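Numbering (my numbering), first residue to last: 1235 to 1682. A short write-up of the structure that comes next.
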């Protein structure tokens, strides 16, 4: 019944990491594709102004939804540690606490995000001609935060048990539904840009509900009783002490993206459309980075619970080599296929929009190895409960991106906007790598 549970404290680390990562990679790829579907269908059916409207909301969505992804992933680390320690009672208490924290998180984030949506759009200099569409789109996405929390919390708990396949299956179903709903809501019902947003919310809700049903049927180890729901401030803080830094790390990165979006918006709606399309392509080709990060958080959490620091070190070495190889593959994809990928957004060849989009992709691709390694070191540190340095790396990234966005565009124009991201990646990757080697030695001495 629970055959998909995977104990990552035994067996070949390289094979385990790859076998766990592949379903996560496919799932993240599918998620990116259905996120891209909104943008592609909007661009093809509603035009470049609507594409720019969706594009300018990207950093705001990342600010809120990234916080959700970070905190749900962080909260589930405790479950991974309890599972690695073979503590079923502790695992159930962790699941109950995760549910209580997720409910509170959903209420607070939904209220704040809906209330602040328009002021934030104004703050980043959203052009007047796309303001109404941008606001309409993002408010609907924020209303659907509960669906994002539902899916990600259950998916993270399943991954904590080593099951990376089940969330993928339900994500595939919802992704196909999302694409179909996009056409129905935008074209058939003529809901415009709001249709793309509602299609996303409905499909995310379905994936969450399907995961919940599956857990009820197949995973008794995750079933909780009324007696498990005991509010313990210290135990709650133990979860939040890992979850909040992970969430803030996403949000700090998003704040940097907001600052950058504000600088970008001054270049006009065509440049916004170019950057939005290029950003979607970049998110697609760099999907492996986040996938290996998710794997290493769960792998290191389980092995810390089992007191196998040697396996954590070996896993980091092997995952580092694998992820660098994937980063070089992503770079090759950008240089070989960027134009046909951008053409999916209804961007015509030999136009300023295509030129700006390709310039961004080919410039930033050189720095992909640094971006990919960030996810390895950051998630391993979070998986072993050392969240301070990943949070500080997010601060370094924010500062670097903010300074670059404030200074470089005035000096070298659009190229300055394009360079802000890579400089931020380097500002995070270097201190994270150094911190990992220092911290893992301390953890190794502590667990001897």
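Think of the CB as a built atom: it goes at the ideal place given N, C-alpha and C, for glycine as much as any other residue. The model shown is predicted, which means the values in this text are computed figures rather than measured ones.
C-alpha gap between residue 1385 and residue 1449, whole angstroms: Between the C-alpha atoms of residue 1385 and residue 1449 there is a straight-line separation of about 12 Å.
Residue interval of the alpha helix (DSSP H) (run including residue 1590): Looking at the DSSP string, the run of the alpha helix (DSSP H) that includes residue 1590 is 1586-1598.
Residue-chain proximity (residue 1589, chain B), Cβ-Cβ < 7 Å: No chain B appears in the structure shown, which is made up of a single protein chain.
The segment 1332-1343 / the segment 1370-1388 touching (three or more Cβ pairs under 8 Å): By the C-beta criterion, the segment 1332-1343 is judged to be in contact with the segment 1370-1388, since at least 3 inter-stretch pairs fall below 8 Å.
Local Cβ density within 10 Å of residue 1465, reported as buried at 16 or more and exposed below that: Burial call: exposed.
Which listed residue (1442, 1623 and 1452) has its alpha carbon closest to that of residue 1482: The shortest C-alpha separation from residue 1482 is found at 1623.
Backbone CA spacing between residue 1286 and residue 1249 [nearest angstrom]: Approximately 42 Å between the Cα atoms of the pair.
Inter-residue spacing [alpha-carbon to alpha-carbon] between residue 1712 and residue 1653: Since the first residue of the chain shown is 1235 and the last is 1682, residue 1712 is not available in this structure.
C-beta contact flag for residue 1354 and residue 1368 at 7 Å: No, the pair does not count as a contact, with Cβ atoms beyond the cut-off.
Bounding residues of the alpha helix (DSSP H) (the contiguous stretch that carries residue 1496): Taken as a continuous stretch (DSSP letters only), the alpha helix (DSSP H) holding residue 1496 covers 1467-1499.
Own chain partners of residue 1255 with C-beta closer than 7 Å, once the 5 adjacent residues on each side are dropped: The residues are 1525, 1526 and 1529.
Rounded C-alpha distance that separates residue 1273 from residue 1284: For residue 1273 and residue 1284, the distance between alpha carbons rounds to 9 Å.
Reference residue 1593; option with closest CA among 1631, 1633, 1560 and 1516: Among 1631, 1633, 1560 and 1516, the Cα nearest to that of residue 1593 is on 1516.
Residue 1585 classed as buried or exposed, judged by whether at least 16 other C-beta atoms fall within 10 angstroms: Flag for residue 1585 reads exposed.
Three CB pairs or more closer than 8 Å across the segment 1551-1570 and the segment 1499-1513: The segment 1551-1570, when compared against the segment 1499-1513, does not touch it at the 8 Å Cβ threshold.
Whole-number beta carbon distance between residue 1610 and residue 1557, since they are thought to touch under 8 Å: Between residue 1610 and residue 1557 the Cβ distance is about 6 Å, and since that is below 8 Å, they are a contact.
Pick from 1455, 1358 and 1446 that is closest to residue 1489, judged by C-alpha positions: Among 1455, 1358 and 1446, the Cα nearest to that of residue 1489 is on 1358.
Residue 1507 beta carbon less than 7 Å from that of residue 1587: Yes, the Cβ-Cβ distance between residue 1587 and residue 1507 is below 7 Å.
Contact check, residue 1311 vs residue 1617, beta carbons under 7 Å: In this structure, residue 1311 places its C-beta atom within 7 Å of the C-beta atom of residue 1617.
Three or more C-beta pairs below 8 Å linking the segment 1364-1381 and the segment 1436-1444: Contact between the segment 1364-1381 and the segment 1436-1444 is present: three or more C-beta pairs spanning the two stretches fall below 8 Å.
Where the alpha helix (DSSP H) through residue 1742 begins and ends: Outside the modelled stretch of the chain, which goes from 1235 to 1682, sits residue 1742, for which no answer is possible.
Spatial neighbours of residue 1564 in its chain, beta-carbon cut-off 6 Å, leaving aside the 5 residues before and after: Spatial neighbours of residue 1564 in its own chain (CB-CB distance under 6 Å, excluding positions within 5 residues in sequence) are listed in chain order as 1519, 1520 and 1602.
Residue 1655 to residue 1562 span [Cα, whole Å]: Between residue 1655 and residue 1562, the C-alpha separation is close to 18 Å.
Alpha helix (DSSP H) segment containing residue 1242, residue limits: Where residue 1242 is concerned, there is no enclosing alpha helix (DSSP H), given that its DSSP letter is neither H nor E.
Presumed contact (8 Å Cβ cut-off) between residue 1634 and residue 1612, rounded CB distance: That belief does not hold up - the Cβ atoms of residue 1634 and residue 1612 are roughly 15 Å apart, past 8 Å.
Of the residues 1242, 1457, 1275 and 1262, the one placed nearest residue 1581, counting alpha carbons only: Ranked by Cα distance from residue 1581, the first of 1242, 1457, 1275 and 1262 is 1275.
Buried versus exposed call for residue 1246 [16 or more other C-beta atoms within 10 Å across all chains shown]: That one is exposed.
Proximity below 7 Å, CB of residue 1512 to CB of residue 1604: Between residue 1512 and residue 1604, the C-beta gap is not smaller than 7 Å, which leaves the two residues out of contact.
C-alpha gap between residue 1371 and residue 1486, whole angstroms: Those two C-alpha atoms are separated by around 23 Å.
Helix, strand or coil at residue 1333 according to DSSP, with G and I counted as helix: The answer is helix: DSSP assigns residue 1333 an H, G or I state.
Sequence ranges, alpha helix (DSSP H) only - wholly within the segment 1515-1554, length at least 4: Here the runs fully enclosed are 1521-1539.
Exposed unless 16 or more other CB atoms sit within 10 angstroms - verdict on residue 1461: Classification for residue 1461: exposed.
Which listed residue (1531, 1674 and 1599) has its alpha carbon closest to that of residue 1199: Outside the shown range of the chain (1235 to 1682) lies residue 1199, about which nothing can therefore be said.
Runs of alpha helix (DSSP H) wholly within the segment 1270-1329 (minimum 4 residues, chain order): When DSSP assignments are scanned along the segment 1270-1329, the uninterrupted stretches of alpha helix (DSSP H) that are 4 or more residues long and fall wholly within it turn out to be 1282-1290 and 1292-1318.
Cβ neighbour criterion (16 or more within 10 Å) applied to residue 1307: Classification for residue 1307: buried.
7 Å Cβ cutoff met for residue 1477 and residue 1315: No, the Cβ-Cβ distance between residue 1477 and residue 1315 is not below 7 Å.
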